[in-house]
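The sequence shown: position 39 = 40 (the numbering used here), numbered continuously. Glycine is no exception: its CB is placed at the ideal position from the N, C-alpha and C atoms. All of these numbers come straight from a predicted model, not from anything done at the bench. Just below is one structure, and these are the notes that go with it.
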Amino acid sequence: MASKVGPINLMYIFLSMSEALVSKHYQENLDLENKLSIHPPVDSHHSKSILRCACFCVTCNGCNCFSFNPQTEMCRLYLSCDPSDGTVAEEGWISYSNSSLQPVTGLSFLGTTPQNEYDLPSLDEITFY
Numbered sequence: 002m003a004s005k006v007g008p009i010n011l012m013y014i015f016l017s018m019s020e021a022l023v024s025k026h027y028q029e030n031l032d033l034e035n036k037l038s039i040h041p042p043v044d045s046h047h048s049k050s051i052l053r054c055a056c057f058c059v060t061c062n063g064c065n066c067f068s069f070n071p072q073t074e075m076c077r078l079y080l081s082c083d084p085s086d087g088t089v090a091e092e093g094w095i096s097y098s099n100s101s102l103q104p105v106t107g108l109s110f111l112g113t114t115p116q117n118e119y120d121l122p123s124l125d126e127i128t129f130y
């Protein structure tokens, strides 16, 4: 006996999949919750879903992060979503940064090796194929 999936169940399945796909490639920037950058966006679009907004960012040259407002169904694409660049408060905005572009911290260039850092081998110790 086959079971039917109702429209509401289908919607919840789609929303769960959308959130999982977005979170795999983008990380929510909690410092920018309910805030927008004072800098103009690279591009902006009407978007009914966060998945669609993420797709706009992926296909836009130079987009490293995006802000989405589900209340107004707006999507803004940015070069940077650094909160120190300046923001204005605006209700409903959620910002996401490309998770592969997160800044690297804790590197040692002075010969010291603080705890939880790793010594990398020199290039002549690595075999390339």
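Based on Cα-Cα distance, which residue from Glu74, Ser68, Ile51 lies nearest to Ala90?
Stepping through the sequence shown from its first residue, residue 90 is reached at position 89. Of Glu74, Ser68, Ile51, the residue nearest in Cα terms is Ser68.
Quick check on Thr60: buried or exposed, where buried means 16 or more other Cβ atoms within 10 Å of its Cβ?
The sequence position of residue 60 within the sequence shown is 59, counting from 1. Thr60 comes out exposed.
Task: Pick from Cys66, Lys49, Cys56 that is closest to His40, judged by C-alpha positions - done: Indexing the sequence shown from 1 puts residue 40 at position 39. Considering only alpha carbons, the answer is Cys66.
Contact set for Pro42: own chain, Cβ-Cβ below 7 Å, skip 5 residues either direction:
Within the sequence shown, the letter at position 41 stands for residue 42. Within the same chain, Cβ atoms closer than 7 Å to the Cβ of Pro42 are found at Arg77, Leu78, Tyr79, the five residues on either side in sequence being excluded.
Contacts around Gly63, its chain only, beta-carbon distance under 7 Å, and the 5 residues preceding and following it disregarded: Along the sequence shown, one-based indexing puts residue 63 at 62. Counting only Cβ-Cβ distances below 7 Å, and skipping sequence neighbours, we find Val43, Leu80.
By Cβ distance, which residues of its chain are closer than 6 Å to Gln28, with the 5 residues on each side in sequence left out? Sequence index remark: in the sequence shown, residue 28 carries index 27 (1-based). So the qualifying residues of the chain are Ser98, Ser100.
>> Can you tell me whether Thr73 is buried or exposed? The criterion is at least 16 other CB atoms within 10 Å of its CB, across all chains shown.
In response: The residue you call residue 73 lines up with position 72 of the sequence shown. Burial call: exposed.
> Going by C-alpha distance, which of Thr88, Arg53, Ile95 is nearest Ser38?
Replying inline: Taking the first residue of the sequence shown as 1, we reach residue 38 at position 37. Nearest C-alpha to Ser38: Thr88.
Distance CB(Ser85)-CB(Leu33) smaller than 8 Å | For the purposes of this step, residue 85 is identified with residue 84 of the sequence shown, where counting begins at 1. For the purposes of this step, residue 33 is identified with residue 32 of the sequence shown, where counting begins at 1. In this structure, Leu33 does not lie closer than 8 Å to Ser85 by Cβ.
message: On the DSSP letters alone, give me the boundaries of the beta strand (DSSP E) that Thr88 sits inside.
response: If you number the sequence shown from 1, residue 88 lands on position 87. Thr88 -> beta strand (DSSP E) spans 88-90.
By Cβ distance, which residues of its chain are closer than 6 Å to Lys49, with the 5 residues on each side in sequence left out? Translated into positions along the sequence shown, residue 49 becomes position 48. Counting only Cβ-Cβ distances below 6 Å, and skipping sequence neighbours, we find Glu74.
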